[in-house]
Amino acid sequence: MMEELFKPRGFNQGRGPGSRTDGWVGGRADTWQGHYRDNPASRIGADAHRMVTDEAYAAEVAEAIRQSDAAFVDHDGLKNAGLSVRPLSPGIGVFVAGIDMATPTDAQVEQVWRLMMERKVVFFRDQGHITRDEHLAFGKRFADIGLAFGRQQALAESPPSEDYPELLRLYSDEARPFVPSNWHSDVTWSDRPPLGSILLSRKSPPVGGDTLFIDAFAQWDSLSPVLKQFLEGRTAIHGRGGKDEVEHPICRTHPVTGRKALYINPTFTNSICGMEPADSARLLAQLYAKMYATPEFACRFQWQDGSVAMWDNRSCQHYAVGDFWPYVRQMERVTLLDPVAEDEVPFWEDESGQRHYSVLLTSEQAINTPVSR
Ligand SMILES: O=C(O)CCC(=O)C(=O)O
Ligand SMILES: [Fe+2]
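At position 210 of the sequence shown (counting the first as 1) the number is 212 in this note's numbering, and the numbers step up by one without a gap.
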């Protein structure tokens, strides 16, 4: 029975005359057996390939997944902090109930951080009552607070409010429809990109304007061993508006969890170092296809007035869905900076534990100068 379940589905195999030749038969063309087994197995570090032939091992993995999912929800630390959780998906995104961002306890702060490390993004509802000062104070419980873009000021066209230079206002309406509708991790054109963000909806559209989050650990884990070997230790150039501003590791080691993330994105990454431009472009396109066309890696959050998303830029990427015009959507963001200087700059850690850091390619002054969109 188990064997039957895990049998290759025969993608890319000829099916006689008249059959499709592009290999696409209703699943993922580049996936041998589909993610239904691979993805949850990799969440607990199990060997998905061994499960194909070893029935007893597969049963063990299944039980381990059930237990770890149950333990995630039924957690003493959460209960003691007066919190409860509901995952949006098995790997990324979790609703946290029981918190008031105006008056968080130390135990709640500790649990929210733990959840963000494990599930990459946490969500709260009904926080519309908090003031801007309380929003900033909440952020300070976790990390340093940056300017609107972390170390850098916001775009030249949207100067920060004088009262709250740390607060990024992302206000859209009929006349100004902009939202960041492209996959990215924040500010990867900087050598010191922000650790994370706490985004609050002051006003949500009646329909549309969701935000998608996608798991950068899963994106890395899903690559073939050959591709991982090729990419590990390699770097890519990122910048704004096609300028080359910083060289980041493609495989980024997370400073807290030690896990590896795929750290490229189609918004700011220009090229892979050490490759011919055409080869680099082809490989980036292939990687993006895999990274963003796998719904198993993602979750989608529907905003209400007062909803909050708090994410870790080192372990996930996001995309604001631009489908809500002509409605009003008003978001306010507090940006978190890593207070540990040597963890703030991205790095890849090699097998001997040595860190290989990102390198700034332009001047500090140039990187700190806001550009026009
Ligand atoms: O408006 C959103 O949903 C997300 C905007 C965004 O990319 C950000 O705040 O970093
Ligand atoms: Fe963003």
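No residue lacks a Cβ here, since even glycine has one placed at the ideal position from N, Cα and C.
Could you tell me the distance, in whole angstroms, from the CA atom of residue i to the CA atom of residue j?
i, j, result
"G36", "D49", "Low confidence applies to G36: its pLDDT is 48, below 50, so where it sits in the model is not reliable, and the reading given next is rough at best. If you take the alpha carbons of G36 and D49, they lie about 15 Å apart."
"W115", "Q304", "22 Å"
"H358", "S282", "21 Å"
"A150", "D56", "52 Å"
"M103", "S203", "13 Å"
"L138", "L170", "11 Å"
"V209", "M53", "43 Å"
"V75", "G243", "43 Å"
"D212", "Q367", "35 Å"
"Q356", "P227", "21 Å"
"D40", "V342", "35 Å"
"E351", "D71", "29 Å"
"K142", "S365", "29 Å"
"F8", "V181", "Its pLDDT being 45, under 50, F8 is placed unreliably in this model, and the value from its coordinates should be taken loosely. Near 42 Å, if we compare the C-alpha coordinates of V181 and F8."
"W34", "H51", "Caution applies to W34, whose pLDDT of 47 falls short of 50 and renders its modelled position unreliable; the value that the coordinates give is listed next. Those two C-alpha atoms are separated by around 11 Å."
"L43", "G130", "In the sequence as displayed, the identity of residue 43 is Ala instead of Leu. About 38 Å."
"R261", "G47", "11 Å"
"I369", "Q69", "47 Å"
"E136", "D246", "37 Å"
"F140", "S199", "11 Å"
"A61", "K205", "47 Å"
"A64", "A58", "10 Å"
"G25", "M277", "Any reading at G25 needs caution, since the residue's pLDDT is 43, under 50, leaving its predicted position unreliable; the model's value is listed next. Cα to Cα, the separation comes out at about 29 Å."
"N272", "L229", "19 Å"
"F125", "R284", "36 Å"
"E168", "M333", "14 Å"
"A73", "G241", "42 Å"
"V27", "P297", "Because the pLDDT of V27 is 44, which lies under 50, any placement of that residue in the model is unreliable, and the number read from its coordinates should be weighed accordingly. For V27 and P297, the distance between alpha carbons rounds to 17 Å."
"G100", "S309", "13 Å"
Considering Cα atoms alone, identify which of the options is closest to residue i.
i, options, result
"V258", "E120, Q69, E65 and R45", "E120"
"Y321", "Y329, P328, A311 and V330", "A311"
"V189", "F299, F270 and A283", "F270"
"P279", "S309, A238, Q319 and H256", "A238"
"P179", "D128, C318, S86 and Y329", "Y329"
"L362", "V96, S192 and I94", "S192"
"T133", "G148, D165, L117 and F125", "D165"
"L289", "H51, P268 and Q69", "P268"
"K81", "Q69, S360 and V98", "V98"
"S224", "G100, F299, D78 and F125", "F299"
"Q319", "I266, N272, S360 and M277", "I266"
"D108", "V124, L85 and R127", "L85"
"V96", "D78, L229 and R127", "R127"
"D78", "V63, A64, E112 and Y59", "E112"
Report the CB separation of residue i from residue j in whole angstroms; it is logged as a contact under 8 Å.
i, j, result
"L197", "A145", "6 Å"
"D314", "K122", "5 Å"
"R88", "R153", "Contact flag wrong, Cβ pair sits at about 35 Å."
"V45", "P92", "With the sequence shown as reference, residue 45 is identified as Arg, and Val is not the correct amino acid for it. So it is a contact: roughly 7 Å between Cβ atoms."
"P207", "R331", "5 Å"
"I274", "L286", "7 Å"
"Q110", "A66", "Their Cβ separation, rounded to whole angstroms, is 29 Å, which puts Q110 and A66 out of contact at 8 Å."
"P372", "Q221", "About 30 Å separates the two Cβ atoms, so there is no contact after all."
"S317", "H256", "6 Å"
"L338", "I147", "7 Å"
"L90", "C301", "4 Å"
"V248", "S163", "About 28 Å separates the two Cβ atoms, so there is no contact after all."
Taking DSSP's pairing of strands, which residues face residue i in a bridge?
i, result
"C68", "Residue identity check: residue 68 is Arg in the sequence provided, not Cys. Its beta-bridge partners do not exist; DSSP assigns none."
"I376", "Residue coverage of the chain in this structure runs from 3 to 375, which leaves residue 376 outside it and unanswerable."
"F303", "T213"
"V361", "E249"
"W185", "In DSSP, W185 forms no bridge with anything."
"F97", "R88 and F125"
"Y173", "Q332"
"R351", "Looking at the sequence itself, residue 351 is Glu, so the reference to Arg does not match. Its beta-bridge partners are R357."
"G152", "L149"
"Q319", "I216"
"S206", "DSSP, once it has assigned bridges, lists no residue as partnering S206."
"H240", "V248 and T271"
"R254", "A263"
Worksheet item: Between the stretch 321-340 and the stretch 227-234, do at least 3 Cβ pairs fall closer than 8 Å?
Response: no
Discussion item. Any contact between the stretch 175-189 and the stretch 342-355? By contact I mean 3 or more CB pairs, one from each, below 8 Å.
Written reply: no
Item to complete: Spell out a yes or no on whether the stretch 282-296 and the stretch 213-221 are touching, meaning 3 or more CB-CB pairs, one atom from each, closer than 8 Å.
Response: yes
Worksheet entry | Given 8 Å, three or more beta-carbon pairs between the stretch 241-261 and the stretch 165-178 | no
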